[in-house]
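Colleague: Before I ask anything, here is the structure I am working with.
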Amino acid sequence: MVGGAASAQTVDAGTAGKVTTTWKLLDYMAVDYDGAVRNGKIVSRGEYAEMTEFAATIVSTIGDLPSRPGRSALVQQAGALQRQVKAKEGGDRIAATAHALSKALLAAYPVAIAPETPPDVARGDRLFADNCAACHGASGNGKGPNAAALDTPPIAFTDAGRARKRSLAALEQVITQGIDGTAMQSFRDLPPGDRWALAFRAGEFAFSEADVQRGKALWRNEAAIRSRIPDLKALVTTTPAALGEAIGQQKADVVMAYLRMHPEAVARASTGGAGDSIAVTRTKLDASLAAYRAGDAKKAKALALSAYLDGFEPIEPLLSAKDAGLMANIETRMGAFRAGIGDGISSGELASRAAAIETLLDDASAALSPQASSAVSTFLGAFTILLREGLEALLIVVAMLAFLRKAERVDALRYVHGGWISALAAGGATWAVATYAIGISGASRELTEGLGSLLAAVVLLSVGIWMHGKSHADQWQRYIRKKLSGALNRQSGWFLFALAFVVVYREVFETILFYAALWAQGNGAVMLLGAGAAIGVLALIAWAMLRYSRSLPIGTFFRYSAWLMAILTVVLAGKGVAALQEAGWIDIAPLAEMPRISMLGVFPTWQSVLAQIVALVAIVIGFVLNDRQKRPQTAA
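Here the sequence shown is numbered in full-length UniProt numbering, starting from 1 and rising by one per residue.
So this is what it looks like as structure tokens:
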């Protein structure tokens, strides 16, 4: 809303209606006047009559507005516009006068010119087919079956030049008011939401699906663009041409293509870019609860899973960076909500669980608001994320490197280095695909993390048991030279490559999710600074581990390494099962008294705890068997 002294004054409903109508008429004239007059000559008598009528209506309506500072100037500007139309002046002059007048009008009489909620574009498609396609054509090209019989040709919504100059608010105005003297009737009897849905549908035709996908990438990755369209009011009142003056026409076209197809993506200023995701979460939860009350538990469960994967999961990385405790609480309660559906709890109890989630989502909105964001929070988020995610991979890779050095197999180091470097390169490719091409769904993210964790856990289990066994070998040098050399000669060096790749890529993949969310919030330089600081700390840890490992006796080294692998096996087993639960592959049975310690892979569900118990039992059995074989090995 435009500021100033006048903007502080309230506007009654009657005045608001007049101002809204006048603003939309001005916006419409700025776009369509070229279709009436060119080079000082009338090219369409029907459209020129419409422009003349609109100009007179604007003068009359502004003159009837309540007295306020600036109204006399508005009356003069409206009169000037009417004289310009009468003189058949050029379209650029008319557009400039109309835009200046509309801006001044909202400054003096501030009103809301936007739908209250994102329109249902799917309904808009159906409404267009039922009410508009006969004249405008199913593809919006203005060549419907009834078009040839009309004196005034229907507008071709596919005309990119005109579409760039037309706002959605102007389209909604025409849909509401109709155009006198033409076949364009008024749809004032439709609910406001339907009229806006039609306007959004009409505003889509000039753009392709490829434009939508390119616009999606720009919207997600350029905070400067999102700041120019912070809410639905900005979306419906901004023309692609006006946006193009700020960011370039090509970018403006594809961004508007995406937003007109997906208005829910426009973030409300109060939620700092996460409003659409939180709104999806709320909507899906409400729908899930409604389905459960109607007796359709299967549908309710599917909607509850969608509430997490399509609603909450996309903002989970960012919320985790801002408030990890809140993120964990919401995630746990959403799991309990799904579990409640599977357990057949009462609808009242399920409603209570939904209400608790709603309250936490309010807290999430506050945590993700621009007011809660700062350079310090971005730095700390980037630093802690990379340090936390990188430490697991670092411990495993450094243990492998130290082991090979102890084994005097420096020639095999290239397999490990090749594995983690390839994982970083694959992570970079994942970033590009996730942000610029297709995006990664919530289910795919959780499946990648879950399956990667379980695969790494299985590999680490075998490696840990093997290392524990070697910690008892008195003739370890002879063993390494004979057994390990033979193994590596049989190309098992690629096993080392695969292990390094899997454990590093799993952490890189998860880090990408967090960093992509932080990057989308702006403060990119601060985020990179935090990442650099974390890399420095990780490098220092790696150096210390490698240096310390050189002074350890080989038996002690193997023993420590075995316990490290065992601990990481248990951690990854819990994380893997939890991720598959979030993806909907494994059911959830909550453990109310179990704490959630995600860094240790501890999650309050029976399935994840059972997975860790199984991993722990396997480790104990392996270690016990190694101990029983100690005497025969030593004697040999």
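Even for Gly, the Cβ is constructed at its ideal location relative to N, Cα and C.
Take the Cβ of Met599 as the centre, count every other Cβ of all protein chains shown within 10 Å, and call the residue buried at 16 or more, exposed below.
Modeller: Burial call: exposed.
Colleague: Thr22: buried (16+ other C-beta within 10 angstroms of its C-beta) or exposed?
Modeller: Under this definition Thr22 is a buried residue.
Colleague: Run the CB neighbour count on Leu625, radius 10 Å, all protein chains shown included, and call it buried at 16 or more, exposed below.
Modeller: Flag for Leu625 reads exposed.
Colleague: Just the Cα atoms here: how many angstroms apart are Asp474 and Glu389?
Modeller: In this prediction, Asp474 has a pLDDT of 48, which is less than 50 and means its spatial position is unreliable; nothing more can be read from the coordinates.
Colleague: Use the C-beta contact count for Trp543: other C-beta atoms within 10 angstroms, 16 or more gives buried, fewer gives exposed.
Modeller: Label assigned to Trp543: exposed.
Colleague: Give every residue of the same chain whose Cβ lies closer than 6 Å to the Cβ of Thr152, excluding the five residues on either side of it in the sequence, and list them in chain order.
Modeller: Closer than 6 Å at Cβ, skipping near neighbours: Gly46, Thr182.
Colleague: In angstroms with no decimal places, state the Cα-to-Cα distance between Thr15 and Ile113.
Modeller: Taking the straight line joining both Cα atoms gives about 13 Å.
Colleague: So, helix, strand or coil for Thr97, using DSSP?
Modeller: It is helical.
Colleague: Looking at the secondary structure, which residues open and close the alpha helix (DSSP H) in which Thr176 lies?
Modeller: 168-177 is the extent of the alpha helix (DSSP H) around Thr176.
Colleague: Quick one: what's got a C-beta closer than 8 Å to Val19's C-beta in the same chain, skipping five residues either side?
Modeller: Correct list, in chain order: Val11, Leu65, Leu105, Leu106, Tyr109, Val111.
Colleague: State yes or no: is the C-beta of Ala525 within less than 8 Å of the C-beta of Gly419?
Modeller: Contact flag unset, no.
Colleague: With DSSP collapsed to three states, give me the class of Pro154.
Modeller: Pro154 falls in the coil class under three-state DSSP.
Colleague: Report the rounded CA-to-CA distance for Met565 versus Ala498, giving the unit in angstroms.
Modeller: Roughly 16 Å between the two C-alpha positions.
Colleague: Less than 8 Å between the C-beta atoms of Glu349 and Arg282, yes or no?
Modeller: Contact: no.
Colleague: What is the rounded straight-line gap between the Cα of Ser186 and the Cα of Ala367?
Modeller: About 44 Å.
Colleague: By the three-class DSSP mapping on this structure, what secondary structure does Thr605 have?
Modeller: Looking at Thr605 - three-state DSSP - the assignment turns out to be strand.
Colleague: Just checking, does the segment 219-235 make contact with the segment 246-264 on the three C-beta pairs under 8 Å criterion?
Modeller: Yes, since at least three Cβ pairs between the segment 219-235 and the segment 246-264 fall closer than 8 Å, the two stretches touch.
Colleague: On a Cα-Cα basis, can you pick out the residue from Glu316, Ser608, Pro595 that is closest to Leu580?
Modeller: The candidate whose alpha carbon is nearest that of Leu580 is Ser608.
Colleague: Assuming Asp211 is part of the alpha helix (DSSP H), what are its boundary residues?
Modeller: 209-221 is the span of the alpha helix (DSSP H), which, as asked, contains Asp211.
Colleague: Along the chain, where does the alpha helix (DSSP H) that runs through Asn131 open and close?
Modeller: 121-131 is the span of the alpha helix (DSSP H), which, as asked, contains Asn131.
Colleague: According to DSSP, is Arg162 helix, strand or coil?
Modeller: Helix.
Colleague: Closest by CA to Asp120, which one among Asp194, Pro595, Gln249, Arg414?
Modeller: Ranking Asp194, Pro595, Gln249, Arg414 by Cα distance to Asp120 puts Asp194 first.
Colleague: Under 8 Å: do the segment 166-177 and the segment 136-143 share three or more Cβ pairs, one atom per stretch?
Modeller: Judged by Cβ distances under 8 Å, the segment 166-177 makes no contact with the segment 136-143, as fewer than three pairs qualify.
Colleague: Gln177: buried (16+ other C-beta within 10 angstroms of its C-beta) or exposed?
Modeller: Classification for Gln177: buried.
Colleague: Quick check on the burial criterion: 16 or more other C-beta atoms within 10 angstroms. Buried or exposed for Arg506?
Modeller: Looking at its Cβ environment, which holds 16 or more other Cβ atoms inside 10 Å, Arg506 is buried.
Colleague: In whole angstroms, what is the alpha-carbon distance linking Ala336 and Leu289?
Modeller: Going from the Cα of Ala336 to the Cα of Leu289 covers about 13 Å.
Colleague: Count the other CB atoms, across all protein chains shown, that sit within 10 Å of the CB of Arg414; report buried if there are 16 or more and exposed otherwise.
Modeller: Exposed, since its Cβ has fewer than 16 Cβ neighbours within 10 Å.
Colleague: Taking Phe205 as part of the alpha helix (DSSP H), name the residues at either end of that continuous run.
Modeller: Run containing Phe205: none; DSSP gives neither H nor E here.
Colleague: Less than 8 Å between the C-beta atoms of Arg228 and Phe128, yes or no?
Modeller: In this structure, Phe128 does not lie closer than 8 Å to Arg228 by Cβ.
Colleague: Kindly list the residues whose CB is nearer than 8 Å to the CB of Ala134, restricted to its own chain and excluding five residues on each side of it in sequence; keep chain order.
Modeller: Here the set comprises Gly144, Pro145, Asn146.
Colleague: Can you have a look at Ile330 and say buried or exposed, based on whether 16 or more other CB atoms are within 10 angstroms of its CB?
Modeller: Flag for Ile330 reads buried.
Colleague: Mind checking Gln76: buried by the 16 CB within 10 Å criterion, or exposed?
Modeller: Exposed, by the Cβ-count rule.
Colleague: Could you spell out where the alpha helix (DSSP H) holding Pro240 opens and where it closes?
Modeller: Note, Pro240: alpha helix (DSSP H), 240-247.
Colleague: Where Ile597 and Thr158 are concerned, what is the direct C-alpha to C-alpha distance, given to the nearest angstrom?
Modeller: So the alpha carbons of these two residues sit roughly 55 Å apart.
Colleague: In the DSSP output, which residue or residues are listed as bridge partners for Pro590?
Modeller: DSSP output for Pro590 lists Thr605 as bridge partner(s).
Colleague: Looking only at its chain, what residues have a beta carbon closer than 7 Å to the beta carbon of Ala287, apart from the 5 residues adjacent to it on each side?
Modeller: Contacts found: Leu303.
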